[in-house]
Amino acid sequence: MGKTMTKFTAIAASLLAVLAVPAGAAEINENLNIGGSVRVNYSYIDYSESSKDKLGDIAFDTLSLTASGQSGNWGFASEYRLNNSTDYLILGYATYDMSPELQIQAGVTHVPFGNHGYISNSWWMGLPYYLGFEDDRDVGVKAVYKTGGMQTDVAFFKSPEYGASNNARYAADLFTGTINGTEYNNEETNQFNLRHTQTFSGVTVGASGQYGQIYNSGTGNTGDRFALAAHLNGNFGSWNVQMQAMHYEFDAADAEDENKIGVSVVGWQYEVSAKGQIYNFNVAKTMATDWGSVKFYNDFGLLTPDVEDDSYDNSFQNVTGMAIAAGPTYTMVDLIAGKNMTFSTANNDHVGLPEIGDDWDYRVNINFGYYF
């Protein structure tokens, strides 16, 4: 039995064990929710000759297993995913409700930075995701305070959910290893986050701050990193608008090249500009149907590097698509356009570094999910 199947068996056994708790724990059973999804992905890459020759490829994408529950003031939430190349923990944290307004979360939980949820509508995520600033999860403690239309999140994260040399992770974190001949020994540690938002008539505005250390496992010295963002998520009838502007800096100790730094995500590692600004503007319209709904959207992201090396170039990502919800299914059809952008260009497997060529590249991605 392979590694993936062994882990799947262990996860399934754990879920069955939860369901089989003694009768004295009936309150937990009654509030236990178990679910997940199975997703299949089609990809057509315009800059890949093999993809064009085959008219694209379709393959299993993800099996996701989720569980959550509540017993009095205590609760938990968890998610584990297996995809066609690796598997990883997405969430796993306990909660305690101090009051109706205040909840404490401890474990692998969402990092409160940027727009609530996502700064994207598509399966492809937004540009900040590829630097660790969208839908990130780390190990720590978070306090969530909600009252009226206001929400404040305060968190401390000791470390990422996986070690720095492991690239099998859902969200991007700093990487330890060699990328394109440059050796990186960076580890994220001791991170503080603060986010405050206020909602007025369907429009949520807010600001986020993040500060943490960068430990160099090769020299034992410590650098630091920080990011600031202002964000807006507005619902205007059937229309939605998302805007975000952020500044970030990675100041690693004893870096071979202070202009860039290595990160990893979903089984891969690449380099990004060590300092810069990221701007996002997304617009979407949802239309109800007799069988569900269709959401049309365009997500635009721009990174402008802010380093000493003037040869570093801007990175662009634009995703035009639609999301189709029908019963237990959810399908996203995306046209991804990238320029000097990892995962969406032929020659530029990085973000914000000097560009090879001067072209936009395109790919089509269709992700079909069945949720249970």
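Per the working numbering, residue 4 is the first one in the sequence shown, and the count goes up by one each step. Just so you know, even glycine gets a beta-carbon here, dropped at the ideal spot from N, CA and C.
| task | Find out if the Cβ-Cβ distance for the pair V336, M325 is shorter than 8 Å. | result | yes
| Proximity of N368 and H234 at Cβ, strictly below 8 Å | no
| request: Specify whether the segment 223 to 240 and the segment 249 to 263 touch according to this definition: at least 3 beta carbon pairs, one from each stretch, less than 8 Å apart. | output: yes
| Separation of D293 from E137, as counted between CA atoms | 33 Å
| query | Given a threshold of 16 other Cβ atoms within 10 Å of its Cβ, counted over all protein chains shown, does F116 qualify as buried or as exposed? | reply | buried
| request: Decide if E82 is buried, meaning its Cβ has at least 16 other Cβ atoms within 10 Å, or exposed. | output: buried
| So, is S204 buried or exposed, given that buried needs 16 or more other C-beta atoms within 10 angstroms? | Around the C-beta of S204, fewer than 16 other C-beta atoms lie within 10 Å, and the residue is accordingly described as exposed.
| message | Whole angstroms are fine: how far does the CA of S318 sit from the CA of L130? | response | 9 Å
| Beta-carbon proximity of F160 to V142, cut-off 8 Å | Result yes, Cβ atoms of F160 and V142 sit closer than 8 Å.
| task | Give the single residue among L105, V310, Y365 whose Cα lies nearest to the Cα of N321. | result | Y365
| query | Closest to Y133 by CA distance: which of D362, W271, G295, N219 is it? | reply | W271
| query | Are there 16 or more other CB atoms within 10 angstroms of the CB of T222, so buried, or fewer, so exposed? | reply | With a threshold of 16 other beta carbon atoms within 10 Å, T222 falls short and is exposed.
| Just curious, the beta strand (DSSP E) that E252 is in, first and last residue? | 242 to 254
| task | On a CA-only basis, which of M246, L94, I264 is nearest S67? Give me that one, please. | result | L94
| Is the segment 258 to 265 close to the segment 238 to 250, with three or more CB pairs under 8 Å? | no
| Span separating the alpha-carbon of Y315 from that of A175 | 21 Å
| said: So, with DSSP's three-state summary, where would you put E164? | reply: Under the three-state reduction of DSSP output, E164 falls in the coil class, being neither helix nor strand.
| request: Could you spell out the range, first to last residue, of the beta strand (DSSP E) harbouring D90? | output: 90 to 100
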